[in-house]
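Every position in the sequence shown, counted from 1, becomes a number in the working numbering once 298 is added.
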Amino acid sequence: MKLTSQKATKINILPILLGFLFCLLCSVIHAQDEPVRTRISLSCTQMPESRAYLQARILARVEGRYAPQANLELSFYHSDEVTETLIGKASTNRKGIAVFQLDSIDKYSLAEDSTIIFTVLYEGSDSYAESDDEISIRRANIEVSTSSEDSEKIVSVSAYSLAENPTPIADVEIILSVPRMYSDLNIGEDYTDEDGQAEFIIPDGIPGDKEGNLELKVRIIDTDEYGDLELNFKEPWGIPKPQVVEANRELWTPNAPLWMVITFGFLMIVAWSNFGIVIRQLLKLRKLGKQEMESQPLK
299 MKLTSQKATK
309 INILPILLGF
319 LFCLLCSVIH
329 AQDEPVRTRI
339 SLSCTQMPES
349 RAYLQARILA
359 RVEGRYAPQA
369 NLELSFYHSD
379 EVTETLIGKA
389 STNRKGIAVF
399 QLDSIDKYSL
409 AEDSTIIFTV
419 LYEGSDSYAE
429 SDDEISIRRA
439 NIEVSTSSED
449 SEKIVSVSAY
459 SLAENPTPIA
469 DVEIILSVPR
479 MYSDLNIGED
489 YTDEDGQAEF
499 IIPDGIPGDK
509 EGNLELKVRI
519 IDTDEYGDLE
529 LNFKEPWGIP
539 KPQVVEANRE
549 LWTPNAPLWM
559 VITFGFLMIV
569 AWSNFGIVIR
579 QLLKLRKLGK
589 QEMESQPLK
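Structure, rendered in C-alpha cells:
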C-alpha cells in the first residue's frame, strides 16, 4: 500500500509541473512579442527675438531600466485646444535627444489661458511602444546689462513675462555659465528678487578667445509657467587665448636648420654605407674560404 501511494503522488505532481512550465513558456513568448515600453519628456527653451527650440528625450525600458534610444523619429505638434497641427519632425541622437528649432514662437496661437501648447509624439514601432508628452508655456524674456565698478565686472539680469501687462518673474533660479567644449562652466547661481532681477560678479582669470572675449550664458531652467529661458552674450572680460607661433629653424629651437638636417642625413648614409661594405666583404671572405677548402684534395 505504501508503494502504491508514492506512485500516485508522483503521477499527480507531473501534470502540475508540466502545466507550470507551459504557462511560463507562454508568458516569455508573449513578453518577447510585446513592444518595449517608452517614456518621453518635452521642454521648450525661449530665447531673445522670439527664437525658441523644443527638446524631447525618449527612453525605453531595456533589461529592467530605462535607457536612451537613438535614431527614433519624433513628431512635434502645436495645439490650440481644438486642433493639433504638425510643425516638424526630428530624430534622436545617441543620448535619445531630438531638437526642433522654432523660427518665431510668436506665430503660434495662444490657448484660452494665454499659454502656447506643444506636443511631442513617438508613433511607435514593432519594437517600441508609442508615447507622447505635452507642455504649455507663457511667453517670457530675460535681459542683461553689464558694468564695471572698482575693477569688478558685474552682470545684471532681468526676467519678465511678455503678457499684455509685463510683470517681473520673481523667485526663479538664474544660472550664469561659460560654455565650454563638453559642458558649461557655472560661475554663479542666484534667485530673482520681487522685481525679477539678479546680479552676478564675474571672477577674474577666465580664459576667453584669442581676442579676450568671454562668451557668457544666462539660463532659467524648468519653470512651471515659462519653461526654460536662455540668453548668450559676449564681453571682453576673458584672458586672451595664447596663439601658437611656429618657431623658425634655429639651433636653439626644436626645428633644426635645414642644412643641419641634410648634413646629418648625409653623414648617416655614409656611416651605414661603410657598415654595409664591411659586412659585404666578410661574406665574400667566408664564401672564398669555403671554396678553397672544397678545392683542396683530401689527404
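Beta carbons: idealized from backbone N, C-alpha and C, even for Gly.
Bear in mind the structure is a predicted one, so any value in this text is a computation, not a measurement.
For residue i, does the count of other Cβ atoms within 10 angstroms reach 16, so buried, or fall short, so exposed?
i      : result
Asp526 : buried
Asn439 : buried
Tyr480 : exposed
Leu400 : buried
Tyr524 : buried
Ala554 : exposed
Thr390 : buried
Ile577 : exposed
Gln495 : buried
Leu419 : buried
Ser423 : exposed
His328 : Low confidence applies here, because His328 scores a pLDDT of 48, under 50, leaving its location unreliable; read the following figure in that light. Result: exposed.
Arg584 : exposed
Phe374 : buried
Does any CB atom of chain C fall closer than 8 Å to the CB of residue i?
i      : result
Glu379 : The chain inventory of the structure shown lacks chain C, comprising one protein chain alone.
Does residue i come out as helix, strand or coil in the three-state DSSP assignment?
i      : result
Glu410 : coil
Asn463 : coil
Ser449 : coil
Asn439 : strand
Ser475 : strand
Gln589 : helix
Arg337 : strand
Ala468 : coil
Leu563 : Correcting the residue type first, residue 563 is Gly in the shown sequence and not Leu. Three-state result, Gly563: helix.
Ala496 : strand
Ser434 : strand
Ala427 : coil
Gly486 : strand
Ser454 : strand
Val326 : At Val326 the pLDDT is 49, less than 50, meaning the model places this residue with poor confidence; the figure from the coordinates comes in the next sentence. If DSSP states are grouped into helix, strand and coil, Val326 belongs with the helices.
Is the beta carbon of residue i less than 8 Å from the beta carbon of residue j?
i      : j      : result
Glu513 : Val476 : yes
Ile356 : Gly386 : no
Ile504 : Ile452 : no
Glu492 : Pro466 : yes
Thr417 : Ser377 : yes
Asp431 : Leu340 : yes
Ser280 : Val334 : Residue 280 lies beyond the stretch modelled for the chain, which goes from 299 to 597, so this question has no answer here.
Ile472 : Thr490 : yes
Glu528 : Thr343 : yes
Lys539 : Asp502 : no
Ala388 : Leu372 : yes
Arg436 : Ala461 : yes
Ser454 : Glu497 : yes
Report all residues from its chain with a CB closer than 8 Å to the CB of residue i; omit the five preceding and five following residues, and keep chain order.
i      : result
Tyr364 : Arg337, Leu357, Ala358
Between which residues of its own chain and residue i is the CB-CB distance below 7 Å, once the five residues before and five after are set aside?
i      : result
Thr521 : Val470
Ser348 : Ser402, Ile403, Asp404
Here's a check: name, in chain order, each residue in its chain whose Cβ is nearer than 6 Å to the Cβ of residue i, leaving out the five neighbours to either side.
i      : result
Gln367 : Ile356, Ala358, Gly394
Asn530 : Lys515
Ile500 : Lys451, Trp535
Val326 : Here Val326 scores only 49 on pLDDT, less than 50, and its place in the model is too uncertain to base an answer on.
Met345 : Glu528
Item to check | Secondary structure, beta strand (DSSP E): runs of 3+ residues fully inside the stretch 348-403 | outcome: 350-360, 363-366, 371-377, 382-389, 395-400
Item to check | Those runs of the beta strand (DSSP E) which lie wholly inside the stretch 499-554 and span at least 3 residues | outcome: 512-521, 525-533
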